[in-house]
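Reviewing the structure listed below.
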Amino acid sequence: MTASFAVDPFAPGVARVPIGFVNAYLVGTPGEPWVLVDTGLPKTAALTRAAAEARFGAGARPEAIVLTHGHFDHAGSALALARAWDVPVYAHPLELPYLTGRSDYAPQDPTIPGAISTLSRLFPTTGYDFGDRVRALPDDGSVPGLPGWRWLHTPGHTAGHVSLLRDDDRLLLAGDAFATMDLDSWTAQVTKPKQIDRPPAPFTPDWEATQASVHRLAELDPTAVGAGHGLPITGLSVGTLLRAYDGHVEVPVGHRYGRAPAVADETGIVALPPPVPDPLPLKLAAGAAALGAALVWRRRAGW
Ligand SMILES: [Zn+2]
Ligand SMILES: [Zn+2]
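The opening position of the sequence shown corresponds to residue 1 in UniProt numbering, with each subsequent residue numbered one higher.
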């Protein structure tokens, strides 16, 4: 099967590869060393390799793979690509428990209203085990294979989430620190109008840290942003948009992680707030009960 792919070079030296509802980024100028930032959904390695070869030439191979975090839509093809290219995968030390088989992520909270929450029921929150393919990002903030860039610890969506900044022009790859679309809207899943918005809510287990990370990134006054979800936003207005959004992260108050965060350390998740009742199974159960009652009534009535 031929992989169909698109490459969106939205800024010098940075191209977005849309993979379903998520983005990966080819970072580097053609003819020079490059790095893949995030790897998209599972079983999409062929698509990403085709996109990389379209941009960097046949047989193109990065210096490394860098993960903003290890959720399945960002790390899903990391091992397949790392093996195919024989390159290391880098992530923050606090993300390693989920990439070395030590811990699963906090379970999603599907009770938050909106499209992404409804879809979240279908998505895994299990960790991966990439064995010795995965390494910790350097302590000094440098990004292997990407001189001129640095990684920033931006926890909240996950404990070891990082964003990447190119200092020269303040181009920001934000991962899921925030999104550049409204993930809660069904129509936006297709039309993707550009806006700064919260990260995928059902998968975000620490909202205080999320708010602090948004604040930190807004202070950087970026001139271009590529996030994990949504179209890139470029131009001097990006910093203004992000600063306007700072302080307005919509916390899902009353929902599982809106009440209390999941607690994580270097071993992974260590404590979870109790789940809140999920209305959908209740509705399904009520529907099944009604159907059962109708069948009993029908039998009794002799239909
Ligand atoms: Zn995520
Ligand atoms: Zn994501």
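Virtual Cβ for every residue (Gly too), placed ideally from N, Cα, C.
DSSP three-state call for residue 169: helix, strand or coil? coil
Any idea what DSSP makes of residue 34, helix, strand or coil? coil
Run through DSSP, which three-state label would residue 65 get? In this structure, DSSP gives residue 65 an extended state, which the three-state scheme calls strand.
Rounded C-alpha distance that separates residue 83 from residue 59: 14 Å
With hydrogens ignored, establish whether the beta-carbon of residue 200 is closer than 7 Å to any heavy atom of ligand 2. yes
Tell me which residues share the same chain as residue 54 and place their Cβ nearer than 8 Å to its Cβ, disregarding the 5 neighbours each side in the sequence. 5, 7
Looking at residue 180 and residue 227, is the spacing between their C-beta atoms short of 8 Å? yes
Confirm the yes/no value for this check: CB of residue 228, any heavy atom of ligand 2, distance under 7 Å. yes
Residue closest to residue 193, alpha-carbon to alpha-carbon, out of 229, 161, 201: 229
Considering only C-alpha positions, which residue in the set 170, 278, 98, 238 is nearest to residue 13? 170
Which residues in the same chain have their Cβ closer than 6 Å to the Cβ of residue 103, if we skip the five residues on either side of it in sequence? 97, 127, 268, 269
Closest to residue 208 by CA distance: which of 20, 112, 155 is it? Checking every option, the nearest Cα to that of residue 208 belongs to 155.
Figure out for me which residue from 52, 35, 225, 93 has the closest Cα to the Cα of residue 66. 35
Mind listing, in chain order, the continuous alpha helix (DSSP H) runs of no fewer than 4 residues lying wholly within the segment 84-115? none
What separation, rounded to the nearest whole angstrom, lies between the Cα atoms of residue 250 and residue 140? Residue 250 and residue 140: Cα-Cα distance of roughly 33 Å.
Helix, strand or coil: how does DSSP classify residue 230 here? strand
What three-state label does DSSP hand residue 303 in the structure shown? Confidence is the limiting factor: at residue 303 the pLDDT is only 44, short of 50, which leaves the residue's position unreliable and the question unanswerable from this model.
Given a threshold of 16 other Cβ atoms within 10 Å of its Cβ, counted over all protein chains shown, does residue 224 qualify as buried or as exposed? buried
One or two residues paired with residue 135 in a DSSP bridge: Beta-bridge pairing by DSSP links residue 135 to 90.
What does DSSP give as the partner residue(s) for residue 248 in the beta ladder? Bridge partners of residue 248: none, in fact.
Could you name the residues, in chain order, whose CB is less than 5 Å away from a heavy atom belonging to ligand 1? Output, sorted by chain position: 71, 176.
Can you find a heavy atom of ligand 2 that lies under 7 Å from the Cβ of residue 74? For residue 74, the shortest C-beta to heavy atom distance toward ligand 2 is below 7 Å.
State buried or exposed for residue 149, treating a residue as buried only when at least 16 other CB atoms are found within 10 Å of its CB. Label assigned to residue 149: buried.
What's the gap between the Cα of residue 271 and the Cα of residue 29? 43 Å
Around the C-beta of residue 75, are 16 or more other C-beta atoms found within 10 angstroms, so that it is buried, or is it exposed? buried
Can you tell which of 166, 137, 233 has the C-alpha that lies nearest to the C-alpha of residue 196? 233
Considering just the uninterrupted stretch of the alpha helix (DSSP H) at residue 73, what are its terminal residues? 72-75
At a cut-off of 7 Å, would you count residue 22 as near ligand 2, judging by its Cβ distance to the nearest heavy atom? yes
Using the C-alpha atoms, what's the distance from residue 221 back to residue 238? 8 Å
Which residue comes first and which comes last in the alpha helix (DSSP H) that contains residue 188? 188-191
Given this structure, state the Cα-to-Cα distance separating residue 117 from residue 205, to the nearest angstrom. 13 Å
Just to confirm, is the Cβ distance from residue 276 to residue 245 under 8 Å? In this structure, residue 245 does not lie closer than 8 Å to residue 276 by Cβ.
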